[in-house]
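Quick notes on the structure that follows.
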Amino acid sequence: EAGVAQSPRYKIIEKRQSVAFWCNPISGHATLYWYQQILGQGPKLLIQFQNNGVVDDSQLPKDRFSAERLKGVDSTLKIQPAKLEDSAVYLCASSLGSWEETQYFGPGTRLLVL
Amino acid sequence: GNSVTQMEGPVTLSEEAFLTINCTYTATGYPSLFWYVKYPGEGLQLLLKATKADDKGSNKGFEATYRKETTSFHLEKGSVQVSDSAVYFCALSDLGGADGLTFGKGTHLIIQP
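If you read the sequences in order, they're chains A and B.
Reminder that position 24 of the first sequence reads as 24 in this note's numbering, one-by-one numbering, no gaps.
Reminder that position 79 of the second sequence reads as 79 in this note's numbering, one-by-one numbering, no gaps.
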């Protein structure tokens, strides 16, 4: 069974530029999560989708971050404009979404903002 | 709100030593508890979990017991191997893992031969 796919794996941009990350969850997984992991910290949830609807985006900085999950499968996370403090690893995870279902994580996208 | 506190690393041990990584939590409800692990070059993966008080999660020789009275979920292993070198994250969920996880900062474990 293929795991969660993410691209790109690495990205370097200048501050104030925009960037987009892509995630393809495990086939059949209804729930998709985006986490931000800053160096030395644990992952922090940014947004959770159930199919193509948003369940929780309370920690998403909506003035610069946006995310969508068209057709309830792939998802894209965008930052515009990027700030230095956005340098982090962006992790995508997916699950069947029910009680006690495991969240499976992708390899992450490492973003460096200069 | 929810929070997880785990011991600072790095933790350096010799092979075959006994391992404990402490984890305590604060939660408004009755959470499920998890240990995730990130091996070098690999993605974050579930190691073990427990969903109610006094439950013991176990996997690959690792164990952790859900202690509601002390709000703790300490990770233990009787005899570590070099291959256990990784970063370990304690996490909690209000909805059995269906919602977003709240993670600790992670503990880097280094096992020397």
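Even glycine gets a Cβ: it sits at the ideal position worked out from N, Cα and C.
As the structure is a prediction and not an experimental result, all values here were calculated from the model.
Between K56/B and T109/A, the alpha-carbon positions lie close to 34 Å from each other. Selection N52/A, Q41/A, G40/A, K11/A evaluated against Y33/A yields N52/A as nearest (Cα-Cα). Here T51/B has S32, G96 as same chain residues with Cβ atoms under 7 Å from its own Cβ, once five neighbours each way along the sequence are excluded. Cβ contact annotation for V113/A (same chain, cutoff 7 Å, sequence separation greater than five): I13, K15, A82, K83, L84, D86, S87, in chain order. L70/A counts as exposed, since fewer than 16 other C-beta atoms from the protein chains shown sit within 10 angstroms of its C-beta. For P61/A, the closest Cβ of chain B is not nearer than 8 Å. In chain order, S79 place their CB closer than 6 Å to the CB of E16/B, counting only its own chain and leaving out the 5 sequence neighbours on each side. In terms of Cα proximity to H108/B, the closest of L19/B, G1/B, T24/B is L19/B. Taking C90/B as reference, the option from G29/B, L47/B, G41/B, A98/B with the minimal CA-CA separation is L47/B. The shortest C-alpha to C-alpha distance from H29/A to any of Q36/A, S66/A, L111/A, S75/A is the one to S75/A.
Contact annotation for Q112/B against chain A: no contact, minimum CB-CB distance about 23 Å [criterion: below 8 Å]. Close CB contacts of D94/B within its chain, under the 6 Å cut and outside five residues either way in sequence, are with G29, P31 (chain order).
Judged by beta-carbon spacing, L45/A lies within the 8 Å limit of L101/B, meaning their Cβ atoms are closer than that value. At a C-beta separation below 7 Å, T109/A has no neighbours in chain B, since its nearest C-beta there lies roughly 12 Å away.
Within chain A, no C-beta atom comes nearer than 7 Å to that of A50/B; the closest sits roughly 11 Å away. Chain-ordered, the chain A residues with CB closer than 7 Å to the CB of F103/B read G42, P43. Scanning its chain for C-beta atoms nearer than 6 Å, with the 5 sequence neighbours on each side dropped, one finds around S72/B the residues T24, in chain order. Bridge pairing for R16/A: absent [DSSP]. Rounded to whole angstroms, the gap between the alpha carbons of P40/B and V87/B is 8 Å.
With respect to chain A, the C-beta atom of L46/B has a partner C-beta closer than 8 Å.
For the beta strand (DSSP E) assignment, the uninterrupted runs of no fewer than 3 residues enclosed by the segment 18-83 of chain B are, from N- to C-terminal side, 19-21, 23-26, 32-38, 45-50, 56-59, 62-65, 75-77.
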